[in-house]
Amino acid sequence: MAADVVRPLSIPVILGTQRTGRMSEHAARAVYVELEKRPGIETELIDAATLPIPSDEAGEAAKDPAFAETMNRADAIVLVAPEYNRGYPGLLKHVLDTNLAEYIHKAAGVVGVSAGIFGGARMIENLLPVLRELGLVTIFWDVNVNNARTRFDETGVLVDDSFLAVGKFLDELVWMAETLRHGREQITIGGPA
Amino acid sequence: MRPELACPRCGTAMNHQADKLREPTSREEAQSTRRGGVVIAVFACPNCGWIASLRRPDDA
Chain F
1 MAADVVRPLS IPVILGTQRT GRMSEHAARA VYVELEKRPG IETELIDAAT LPIPSDEAGE
61 AAKDPAFAET MNRADAIVLV APEYNRGYPG LLKHVLDTNL AEYIHKAAGV VGVSAGIFGG
121 ARMIENLLPV LRELGLVTIF WDVNVNNART RFDETGVLVD DSFLAVGKFL DELVWMAETL
181 RHGREQITIG GPA
Chain W
194 MRPELACPRC GTAMNHQADK LREPTSREEA QSTRRGGVVI AVFACPNCGW IASLRRPDDA
């Protein structure tokens, strides 16, 4: 258990869209700033659009070593993505698909972003089975950034945080990250030899 | 047969924490299983937290 105490939790934030004018970038930064304030947590903001991942390869062939190492080190991930016609961005799926073992028994929380009233809720519902297949453990709190065009000012600062409950979302994510770290490192599948 | 692995980073005996089915990535892999995928054993290091995996030796 000593290693658990010494090692901070690693919880990177992944921004999963490349579109110009993306409001998700502001949402990702807002969650990243909140994570940074928490003691015992290391975080970084990863822009999926800047990862050197080829679009015509998959899996190991498309793997970016730096991103894979970050996912290996992670105890949890926060995915921030907009809802495009009820779905998640293809870029996010492509990036996630480049790893597998690195995700297993790690926590995942999703921040949905939309210009409309649902705050990416339908995107999140579609993303959940993907995360499950990747071995990630999803939490039951989401952040639904609805009406995104009025929640941030011209510089991208969050000026209306009503009903977002980012604190509750992060509390649950951190609890799951700590619990799963213990399980990964201490509890053997199938029981003791 | 329980798979075992030493951490490639710090040498500590890793904890076998999961078995995961994944799709075959080559013709050889596809021909080596009747399961529709191969089973990988996933390990975590109790010292440094590193994750590593290998195909289960008893999967083929």
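Just so you know, the sequences run in chain order F and W.
Quick note: the first sequence uses the numbering used here, first residue 1, plus one each step.
Quick note: the second sequence uses the numbering used here, first residue 194, plus one each step.
We put the CB at the ideal spot given by N, CA and C, even for glycine.
All figures in this text were calculated on a predicted structure; none of them were measured in a lab.
Practice item. Taking only the alpha-carbon atoms, compute the straight-line gap between A148/F and G119/F and give it to the nearest angstrom. Key: In the first sequence, counting from the first residue as 1, residue 148/F sits at position 148. In the first sequence, counting from the first residue as 1, residue 119/F sits at position 119. Approximately 8 angstroms between the Cα atoms of the pair.
Review point. Can you tell me whether H182/F is buried or exposed, with buried defined as 16 or more other CB within 10 angstroms of its CB?
Key: Taking the first residue of the first sequence as position 1, residue 182/F is located at position 182. Counting Cβ neighbours within 10 Å, H182/F comes out exposed, since fewer than 16 surround it.
Exercise for review: Check I124/F in the structure and name its three-state DSSP category.
Suggested key: Against the first sequence, residue 124/F aligns to sequence position 124. Helix, per DSSP.
Check your understanding: Which of the residues in the region 201 to 218 of chain W, read from start to end, lie with their CB under 8 angstroms from any CB of chain F?
Key -> N208, H209, Q210, A211, D212, K213, R215, T218
Practice item. Show which residues of chain F have a CB atom less than 7 angstroms away from the CB atom of S246/W. Key: Counting from one through the second sequence, the residue named residue 246/W turns up at place 53. Under the 7 angstroms cutoff, chain F gives A101.
Check your understanding: For the region 158 to 190 of chain F, which residues have a CB atom closer than 9 angstroms to at least one CB atom of chain W, in sequence order?
Key -> R181, G183, R184, E185, Q186, I187, T188, I189, G190
Review point. From the beta carbon of H94/F, is the nearest beta carbon of chain W less than 7 angstroms away?
Key: As a working note, residue 94/F is residue 94 in the first sequence. Not an interface residue.
Point to revise | Contact list for G230/W against chain F, beta-carbon separation under 8 angstroms | key: For the purposes of this step, residue 230/W is taken as residue 37 along the second sequence, with counting starting at 1. Under the 8 angstroms cutoff, chain F gives no residues; its nearest Cβ is about 11 angstroms from G230/W.
**Study point:** Exposure of A61/F, with buried meaning 16 or more beta-carbon neighbours within 10 Å
**Key:** On the first sequence, position 61 is the one that residue 61/F refers to. Classification for A61/F: exposed.
**Study point:** Pick from S10/F, R184/F, Q18/F that is closest to K93/F, judged by C-alpha positions
**Key:** In the first sequence, residue 93/F corresponds to position 93, counting from 1. Nearest C-alpha to K93/F: Q18/F.
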